[in-house]
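Report on one structure; see the data block that follows.
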Amino acid sequence: MAETRDADEIFKEFKEHSIAEFFKKNRQMLGYSGMVRSLVTVVHEYVTNNLDACEEANILPNIEVRIKETGENKYSVYVADNGPGIPKKYIGKALGTVLAGTKFHRYMQQRGQQGIGGSGCTLFALTTTGKPIWIKSSTGSSKTYTCRLSMDLVKNAPIIDEYRETDENFKGLVVEGEFAEVKYENSDHGVYEYLRRTALANPHAQIKLIGPDGRENVFIRAVMQMPPRPKPAKPHPLGLSVNDLLDFARVSDSRKISSFLVDTFARLTSNKVDELKTLCKDVDFDKKPGALSWSDSETLVKAIKQIKWIAPDSSSIVPIGEEQIKTAIKNILNPEFMNVVERKPAILRGGIPFIVEAAVAYGGNAGYSSEQGSSGAILRFANRAPLLFDAGNCAITEAVKSIDWKRYNIDMENQPVSVFVNVSSVYVPYAGVGKEAIAKEEEVIQEIKLAVQEAARGVQGFIRGKQHVSFEANRYKTTMRYAKQLAKDLSEITGDKEEDIHQNIEKLILKHYPHFKKSMEEGEGTGEENTSSEQEGER
Ligand SMILES: Nc1ncnc2c1ncn2[C@@H]1O[C@H](COP(=O)(O)OP(=O)(O)O)[C@@H](O)[C@H]1O
Ligand SMILES: [Mg+2]
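502 is the number that numbering that gives the first Met the number 0 gives to position 503 of the sequence shown; each next residue is one higher, with no gaps.
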């Protein structure tokens, strides 16, 4: 039998771990699972930072991503933007400390929030190749500096070296790192598709990708206006969990719990505090917010649910916009027809406003097309960021699949259709830490379904027309095939010229199919090609 060990012995091994070490061991929580996905995660983190930073500085983003293969399952990733840059003093903390950033504790619709993305990439580079990240930054008014950034994982602190300043005329941020255990794939889950969809949901951005094959792809800026800047919004009491309330209390500067509630939350007036007081006799509303206990918070959250509230204000949500989506879809999918719908704000759990936008596009580069035929595609977005993974767990997939597409004359299995859905909210209810799917909450699914159905209704007429035309074209072609034989037979019987008879029969047939007349005269054959142009355009 093995020797017994007492607690003193065992606890000699007791150690604390830093948050950086935690994420090093649990990197799947940051999206680093699977080689293809890990590379997309790196690009996603840098590109969302580019977009956030440019938006904040009110600059139309120019983003360049370069990816080179440097070994087996090893790639260097270079991402540059024309944003505000990061001041020298903050560079280490921004990209070399986990849980540090400028977007913390802001209740605002931005892509980043936790301060994990950039430093997560640094950590991922260090743990897979052992190589630090290279950074170049300039805020425009300062010199351009370059440096190398590594991390002390135990202290969760940045290590900067190779620092250099130059007079290079540059403004923005460039980050370059080498990552292993990653793979570039030209698939629906790859970097190219990620950036294509990013461009689709961010038509104000110009995005260039130079892939490992050296080919340059540019998604051209399609709209010249910046999206409206999201406003910070106070959270609505009905959206709060016990833990959320404690988190807000911990960082509050208010003197008392009563003033903390009024200062922090929307629709929470002093009258409402009085109502809460009568429902929460055990809670001392005069103590400091920092002294709020778990059971206080539990009592408050329960009481909040019993009170009547005015619905939250949704002006803090910034959807992409109907016109912007149309322009973007035209630019990237160039469909024969599309319909875009923006729903009015809806409310989740009584306290979280969200807006769903949906589009259905048909033809052109919509859907998937190959030699085997066409099929439909679902393009999922949350706050303009493409969701490429975990489709099965997502409210968008669920909503789209639950629709009876036949009713809209759409065949998702066999037609070139793209269904686009963007859910915008300050608090998108993600299905997991990886933020790759939207939780299947009934209210969200319903709202997405209504949006997509409405969008589908708009393309229904077009598709029906198209189906009718192709049915007619087939009948026309078949009838025409008989004309030749008939003319020959009639000529034998009557002795008239076969040519003349044939021409007369053709004229007769064309009377019944006036659609195809023009193309016949132009010598184009069946006339099928012509049919779509009559109904082309958007609604
Ligand atoms: N391209 C960039 N331009 C300017 N600032 C940036 C850029 N990328 C990152 N930052 C700064 O670094 C911080 C940390 O980034 P990150 O770790 O991705 O966290 P988050 O995006 O959640 O704030 C950001 O909050 C921002 O202040
Ligand atoms: Mg970020």
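All C-beta atoms, glycine included, are put in the ideal place defined by N, C-alpha and C.
Does at least one heavy atom of ligand 2 sit under 6 Å from the Cβ of Thr-624?
Look at the range of the chain in this structure, 0 to 538, and you will see that residue 624 is not part of it.
Confirm the yes/no value for this check: CB of Ile-85, any heavy atom of ligand 1, distance under 6 Å.
yes
Under 7 Å Cβ to Cβ from Gln-452, same chain only, skipping five residues before and after it: list those, please.
Ile-402
Assuming Asn-330 and Ser-373 are in contact, meaning their beta carbons sit under 8 Å apart, how far apart are those beta carbons, in whole angstroms?
So it is not a contact: roughly 21 Å between Cβ atoms.
Which ranges does the beta strand (DSSP E) cover as unbroken runs of at least 3 residues, wholly within the stretch 86-172, from first to last along the chain?
132-137, 143-151 and 156-165
Does ligand 3 have a heavy atom nearer than 6 Å to the CB of Gln-205?
This structure lacks ligand 3; the ligands present are ligand 1 and ligand 2.
Can you check DSSP and say which residues form a bridge with Glu-175?
Tyr-77 and Trp-133
Taking the straight line between their C-alpha atoms, what separation do you get for Glu-274 and Val-282?
13 Å
Can you give the Cα-Cα distance for Asp-295 and Lys-287, rounded to whole angstroms?
12 Å
Touching by the beta-carbon criterion (3+ pairs, under 8 Å), the stretch 125-132 and the stretch 147-160
yes
Under 7 Å between the Cβ atoms of Gln-108 and Pro-229?
yes
Segments assigned beta strand (DSSP E), at least 3 residues, entirely inside the stretch 371-448:
372-374, 376-381, 384-386 and 416-423
In angstroms with no decimal places, state the Cα-to-Cα distance between Pro-236 and Asn-382.
22 Å
State the beta-bridge partners of Gly-70 as determined by DSSP.
Lys-73
Looking only at C-alpha atoms, which of Glu-2, Val-427, His-467 and Thr-3 sits nearest to Pro-318?
Val-427
Regarding Ala-360 and ligand 1, is the C-beta to nearest heavy atom distance less than 6 Å?
no
So the beta strand (DSSP E) Lys-207 belongs to, where does it begin and stop?
205-209
Residue from Ala-232, Ala-52, Ala-290 and Val-241 whose Cα sits closest to the Cα of Ile-351:
Ala-232
By DSSP's criteria, Asn-503 is part of a beta bridge. Which residues make up the other side?
DSSP output for Asn-503 lists no bridge partner at all.
If you run the structure through DSSP and keep just helix, strand and coil, what is Glu-356?
strand
Starting from Val-300, follow the beta strand (DSSP E) in both directions and report where the run begins and ends.
No beta strand (DSSP E) contains Val-300, which is instead part of the alpha helix (DSSP H) from 293-305.
Alpha carbon to alpha carbon, what distance is there between Ile-132 and Leu-11?
According to the sequence provided, residue 11 is Lys. The question's Leu does not apply to it. Answer to the nearest angstrom: the Cα atoms are 36 Å apart.
Are the Cβ atoms of Val-46 and Val-190 separated by less than 7 Å?
no
With DSSP as the reference, label Ser-314 as helix, strand or coil.
coil
Burial state of Leu-507 (16 or more Cβ within 10 Å):
exposed
Please classify Gln-323: is it buried, with 16 or more other beta-carbons within 10 angstroms of its beta-carbon, or exposed?
buried
Using a threshold of 7 Å, state whether the C-beta atoms of Val-241 and Glu-297 are closer than that.
yes
Cβ-based neighbour list, Ser-186, same chain, cut-off 8 Å, excluding 5 preceding and 5 following:
Val-35 and Glu-192
Would you mind stating whether Asn-61 and Gln-205 have Cβ atoms separated by less than 7 Å?
yes
Starting from Phe-218, follow the beta strand (DSSP E) in both directions and report where the run begins and ends.
215-218
Between Arg-196 and the rest of its own chain, which residues show a CB-CB distance below 8 Å, the 5 nearest in sequence each way excluded?
Leu-378, Phe-380, Pro-385 and Leu-387
What are the residues that DSSP puts in a beta bridge with Phe-336?
Tyr-361
Which of helix, strand or coil does DSSP assign to Leu-347?
strand
Could you check if Gly-30 belongs to the surroundings of ligand 2, using beta carbon to heavy atom distance under 6 Å?
no
Starting from Tyr-191 and walking both ways along the alpha helix (DSSP H), at which residues does that stretch end?
190-200
May I have the straight-line CA-CA distance separating Lys-517 from Leu-485, to the nearest angstrom?
The pLDDT assigned to Lys-517 is 47, lower than 50, so where the model puts this residue is not dependable, and the model offers no usable value.
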